[in-house]
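In our numbering, the protein residues as written are 12 to 219. Everything below concerns the one structure shown next.
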Ligand code: GAR
């Protein structure tokens, strides 16, 4: 059984997609043992509560220094002994000590086809604004392992989505979520839970 802790900051639609897939049996051998938000008003916490999933808020704002926050944050995660940590719209920088400790056991969903529109400053709606400003015709989403860089870790799954005439960043964001994010994130978790993902020479390899 893969014990998963999900980290969130906002609405939690990706968290919901994971919960639904576990409940529907399309993610197997998996249970969500906890949800952590850095933002006490995140609707994602309500979603966890509604499904009886343990949840808590740990905000960097409540600590005197980033080091103090990082220590408490890692401690909180360790308490749930996760096999996998999922960043589902989590907007806080992951402490390097945590990346080291959970090497190839932290995954992130990013709303673009990496290496396009990723890295520092590219998150949420900003990604879709940049894609429309550049005039690309195909966008998408990526699930990847988290390493020390920003959006640089081994890529597990990607899915492309077409840009349509007249798209606004909000409309495009919704299409990318519906057609890509909510599908590839649960799929990646199921693959990991069933031992089908390994990392070799810095690249994720899927065995089917
Ligand atoms: C999602 O689009 C996710 O891909 C993005 O934030 C949104 C969270 O939505 N993450 C990033 O931009 C990370 N760089 P949600 O709270 O409804 O799942």
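Beta carbons: idealized from backbone N, C-alpha and C, even for Gly. In this text the structure is predicted, and so the values were computed from the model without any measurement.
- Judged by the Cβ position, residue 127 fails to qualify as a neighbour of ligand 1 at the 8 Å threshold, every heavy atom of the ligand being at least this far.
- Secondary structure at residue 176: coil, using DSSP grouped into helix, strand and coil.
- Rounded to whole angstroms, residue 171 and residue 189 show a C-alpha spacing of 12 Å.
- The beta carbon of residue 42 sits closer than 8 Å to those of 12, 13, 14, 15, 33, all from its chain and outside the five residues before and after it, given in chain order.
- Relative to ligand 1, even the nearest heavy atom lies 8 Å or more away from the CB of residue 198.
- Taking all protein chains in view, the Cβ of residue 184 is crowded by 16 or more other Cβ atoms within 10 Å, so the residue is classified as buried.
- Just so you know, the alpha carbons of residue 70 and residue 127 end up roughly 30 Å apart.
- Taken in chain order, the complete beta strand (DSSP E) segments of 3 residues or longer contained in the segment 63-118 are 66-68, 95-98.
- Excluding the 5 residues flanking it on each side, residue 215 has same chain C-beta neighbours closer than 8 Å at 155, 156, 165, 166, 167, 208, 209, in chain order.
- Contact holds between the segment 14-31 and the segment 96-107, because three or more Cβ pairs, one in each stretch, are under 8 Å apart.
- Judged by pairs of C-beta atoms under 8 Å, the segment 114-126 does not touch the segment 79-88, as fewer than three such pairs exist.
- Distances from the CB of residue 156 to the heavy atoms of ligand 1 are all 8 Å or more.
- The beta carbon of residue 39 is closer than 7 Å to those of 201, 204, 205 in its chain, skipping five residues each way along the sequence.
- A direct Cα-to-Cα measurement between residue 92 and residue 60 gives close to 20 Å.
- The continuous stretches of alpha helix (DSSP H) do not include residue 158, and DSSP gives it neither H nor E.
- The three-state secondary structure of residue 207, taken from DSSP, is coil.
- Excluding the 5 residues flanking it on each side, residue 130 has same chain C-beta neighbours closer than 7 Å at 161, 162, in chain order.
- Distance from residue 20 to residue 197 at the Cβ level is roughly 19 Å; contact not present, criterion being Cβ atoms closer than 8 Å.
- About 7 Å separates the beta carbon of residue 88 from that of residue 47, a gap short enough to meet the 8 Å contact definition.
- As the crow flies, the alpha-carbon of residue 125 is around 11 Å from that of residue 133.
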